[in-house]
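Participant:
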Amino acid sequence: MESLYRKYRPRTFDEVIGQEHITHTLQNQIQNNHIGHAYLFTGTRGTGKTSVAKIFARAVNCLSPKNGSPCNECESCKLLQKESDINVIEMDAASNNTVDDVREIREKVKFTPVGVKYKVYIIDEVHMLSTPAFNALLKTLEEPPEHIIFILATTEVHKLPQTILSRCVRFDFHLVPVNTLVKHLKMVFDKENISYDEESLKLIATAGEGSVRDTLSIADSIAAYCQGKITKEDTLSILGMTDFELMLDFFEKLREKEIGGILSLIDKIEKEGKNLAVFAKDISKHARDLLIAKSCDDSNEILNLPDDIYARYKAQADAFDQKDLIRYMQVFSGAENELRYTLSVRLLLETTCLTALSGEDVKKN
Ligand SMILES: Nc1ncnc2c1ncn2[C@@H]1O[C@H](COP(=O)(O)OP(=O)(O)OP(=O)(O)O)[C@@H](O)[C@H]1O
Ligand SMILES: [Mg+2]
Ligand SMILES: [Zn+2]
Numbered sequence: 000m001e002s003l004y005r006k007y008r009p010r011t012f013d014e015v016i017g018q019e020h021i022t023h024t025l026q027n028q029i030q031n032n033h034i035g036h037a038y039l040f041t042g043t044r045g046t047g048k049t050s051v052a053k054i055f056a057r058a059v060n061c062l063s064p065k066n067g068s069p070c071n072e073c074e075s076c077k078l079l080q081k082e083s084d085i086n087v088i089e090m091d092a093a094s095n096n097t098v099d100d101v102r103e104i105r106e107k108v109k110f111t112p113v114g115v116k117y118k119v120y121i122i123d124e125v126h127m128l129s130t131p132a133f134n135a136l137l138k139t140l141e142e143p144p145e146h147i148i149f150i151l152a153t154t155e156v157h158k159l160p161q162t163i164l165s166r167c168v169r170f171d172f173h174l175v176p177v178n179t180l181v182k183h184l185k186m187v188f189d190k191e192n193i194s195y196d197e198e199s200l201k202l203i204a205t206a207g208e209g210s211v212r213d214t215l216s217i218a219d220s221i222a223a224y225c226q227g228k229i230t231k232e233d234t235l236s237i238l239g240m241t242d243f244e245l246m247l248d249f250f251e252k253l254r255e256k257e258i259g260g261i262l263s264l265i266d267k268i269e270k271e272g273k274n275l276a277v278f279a280k281d282i283s284k285h286a287r288d289l290l291i292a293k294s295c296d297d298s299n300e301i302l303n304l305p306d307d308i309y310a311r312y313k314a315q316a317d318a319f320d321q322k323d324l325i326r327y328m329q330v331f332s333g334a335e336n337e338l339r340y341t342l343s344v345r346l347l348l349e350t351t352c353l354t355a356l357s358g359e360d361v362k363k364n
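Following this line, the structure appears as structure tokens:
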């Protein structure tokens, strides 16, 4: 079966999520016939660089673009949708990084496009080119023929030489906010007739960490496991994540220094067959998340949590003293290293909680 992320590759600029700062600019350029010859797309993996490059390649050649997007129906769009079409050339710089590879491009760009207006070269992972290859590319970028457009894409823009940077119009693809990912997942699941609960959507979107491709491939494996009926319980166990609720509850008990409550909660988690080592790791992450929520402006830009969950993190963070959060983070991340060596995760976890509460070192093991 075709994977979800392939099936739902956006075909127009409007279908691209979370990158409006880029898609709107490109749409305007096409509508005003003000197209550049060298673009640089940067940003984390799975955020839309290749997809936008391909949409753009069709849009500049489309015979009746709609709102700056390709119509996907005209002769030219149809031609360019074929993987084998010679007018859109995709080159993976990771495996074609020599000066000869780039020279070949320079030879080819002399030829005019066939049946369309522009030839588009998409060079993926462009930071992998060798220095001589960069120099060869630079020559072409300096005087690109009228009918050629270059789109360079990279996840590691800091590895590009300044000479290349200064010749390209640069667009930075952002991590996609979790709320936008939730909406996207909903659309996909509804179309696929997959049932789900709201909590699972939030968990999957959070696990995707801002990458649309990662979010969809996580969704794929969970849907396969759940045979089309996604539940929060299955999602949590597949992702090996700790429930937001459980973490909030645990920290409430820490804040109130309820030693009995903490020990029973640990007992409950173990009896339910959950992985205590995962839980221990998630505690230090939660302490860090609370510290960010408490200390940073626009903290959800960093945390990228669903709105309602973020509101509860923030409320919890505000109820804590900053110095306590710092101590929890230190104590629990220290314990993370010991997890590998300990004979009893449970005992280590319990001792660590007591250390965190007392604020002084209690002997471990
Ligand atoms: N902004 C987005 N809007 C909608 N879907 C997206 C977006 N970004 C990625 N996707 C989904 O992820 C898949 C892969 O995206 P794409 O190849 O464009 O990512 P990329 O940024 O080029 O990643 P890489 O850095 O790994 O090359 C697409 O087929 C699509 O399903
Ligand atoms: Mg790509
Ligand atoms: Zn068209």
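Oh and the sequence shown: position 268 is 267 in numbering that gives the first Met the number 0, straight run, nothing missing.
All C-beta atoms in this analysis are idealised placements derived from N, C-alpha and C, irrespective of residue type, glycine included.
Among V87, D323, L353 and S94, which has the Cα closest to the Cα of F55?
Facilitator: That would be V87, whose Cα lies nearest to the Cα of F55.
Participant: Does the region 291-303 come close enough to the region 312-327 that 3 or more CB-CB pairs lie under 8 Å?
Facilitator: Short answer: they touch.
Participant: Could you tell me whether the Cβ atoms of H146 and I16 are closer together than 7 Å?
Facilitator: Their beta carbons are not under 7 Å apart, which means H146 does not touch I16 by this criterion.
Participant: Among L235, L302 and S83, which one has its Cα closest to the Cα of N274?
Facilitator: Closest by alpha carbon: L235.
Participant: Using the Cα positions of N303 and G207, report the straight-line distance between them to the nearest angstrom.
Facilitator: Taking the straight line joining both Cα atoms gives about 11 Å.
Participant: Using alpha carbons as the reference points, say which of K116, D100, P112 and K107 lies closest to L128.
Facilitator: The residue with the shortest Cα to Cα distance from L128 is D100.
Participant: Per DSSP, which one or two residues make a beta bridge with T24?
Facilitator: DSSP output for T24 lists no bridge partner at all.
Participant: So, with DSSP's three-state summary, where would you put F12?
Facilitator: If DSSP states are grouped into helix, strand and coil, F12 belongs with the helices.
Participant: Go to A204, then tell me how far its alpha helix (DSSP H) extends in each direction, as first and last residue.
Facilitator: A204 -> alpha helix (DSSP H) spans E197 to A206.
Participant: Between I150, F249 and P176, which has its C-alpha nearest D297's C-alpha?
Facilitator: Of the candidates I150, F249 and P176, the one whose C-alpha sits nearest the C-alpha of D297 is P176.
Participant: Can you tell me whether Y224 is buried or exposed, with buried defined as 16 or more other CB within 10 angstroms of its CB?
Facilitator: Per the 10 Å Cβ criterion, exposed.
Participant: Pull up the CB-CB distance for V59 and I21, whole angstroms please, since I reckon it's below 8 Å.
Facilitator: With a Cβ gap of about 15 Å, V59 and I21 do not count as contacting.
Participant: Check each candidate in F188, Y38 and G333 and name the one with the smallest Cα separation from F170.
Facilitator: Selected option, being the one with the closest Cα: Y38.
Participant: Whole angstroms are fine: how far does the CA of S332 sit from the CA of V361?
Facilitator: Residue confidence for V361 is low, a pLDDT of 43 falling below 50, so the modelled location carries little weight; the figure read from the coordinates is stated next. Using only the alpha carbons, I get a separation of about 16 Å.
Participant: Could you give the first and the last residue of the continuous beta strand (DSSP E) run that contains K118?
Facilitator: Element bounds for K118: K118 to D123.
Participant: Taking 6 Å as the cut-off, is the beta-carbon of T153 closer than that to any non-hydrogen atom of ligand 2?
Facilitator: T153 Cβ: outside cutoff for every heavy atom of ligand 2.
Participant: Check each candidate in S83, T341, E14 and F40 and name the one with the smallest Cα separation from V168.
Facilitator: Minimum Cα distance to V168 is reached at F40.
Participant: State the start and end residues of the unbroken alpha helix (DSSP H) segment that holds Y327.
Facilitator: Looking at the DSSP string, the run of the alpha helix (DSSP H) that includes Y327 is Q321 to E337.
Participant: Do the region 76-94 and the region 235-250 make contact, defined as three or more Cβ pairs closer than 8 Å?
Facilitator: The region 76-94 is not in contact with the region 235-250.
Participant: Do S199 and I229 have their C-beta atoms closer together than 7 Å?
Facilitator: Yes, the Cβ-Cβ distance between S199 and I229 is below 7 Å.
Participant: In the structure shown, what three-state DSSP assignment does T351 receive?
Facilitator: Three-state result, T351: helix.
Participant: When DSSP labels each residue in this structure, what does K228 get in the three-state scheme?
Facilitator: Strand at K228.
Participant: Check whether the Cβ atoms of V119 and I148 lie closer than 7 Å to each other.
Facilitator: Closer than 7 Å, so yes.
Participant: Please confirm if the region 60-72 is in contact with the region 131-140, defined as three or more CB-CB distances below 8 Å between the two stretches.
Facilitator: The answer is no - the region 131-140 does not touch the region 60-72, with fewer than three Cβ pairs under 8 Å.
Participant: Just grab the DSSP bridge partners of E89 for me.
Facilitator: Beta-bridge pairing links E89 to I121.
Participant: Taking a contact to mean a Cβ-Cβ separation below 7 Å, would you say H173 touches E155 in this structure?
Facilitator: No, they are not a contact pair.
Participant: By how many angstroms is the C-alpha of R254 removed from the C-alpha of S343?
Facilitator: Roughly 25 Å separates the two Cα atoms.
Participant: May I have the straight-line CA-CA distance separating V277 from F110, to the nearest angstrom?
Facilitator: Their backbone Cα atoms lie some 57 Å apart in a straight line.
Participant: So, under 8 Å CB-CB, G45 and D213 are touching, yes? Tell me the CB distance rounded to an integer number of Å.
Facilitator: Right, their Cβ atoms sit about 5 Å apart.
Participant: In angstroms with no decimal places, state the Cα-to-Cα distance between I203 and T49.
Facilitator: For I203 and T49, the distance between alpha carbons rounds to 23 Å.
Participant: Work out the CA separation of G35 and A334 for me, nearest whole Å.
Facilitator: The alpha-carbon atoms of A334 and G35 are separated by roughly 53 Å.
Participant: By Cβ distance, which residues of its chain are closer than 7 Å to L247, with the 5 residues on each side in sequence left out?
Facilitator: So the list reads R311 and Q315, once near-sequence residues are dropped.
Participant: In terms of alpha-carbon separation, which member of V181, T153 and M328 lies closest to D306?
Facilitator: Measuring from the Cα of D306, the nearest candidate turns out to be V181.
Participant: Tell me the DSSP secondary structure of V115 in three-state form.
Facilitator: Coil, per DSSP.
Participant: Along the chain, where does the alpha helix (DSSP H) that runs through Y312 open and close?
Facilitator: D306 to A318 is the extent of the alpha helix (DSSP H) around Y312.
Participant: How would you call G272, buried or exposed, if buried means at least 16 neighbouring beta carbons within 10 angstroms?
Facilitator: Label assigned to G272: exposed.
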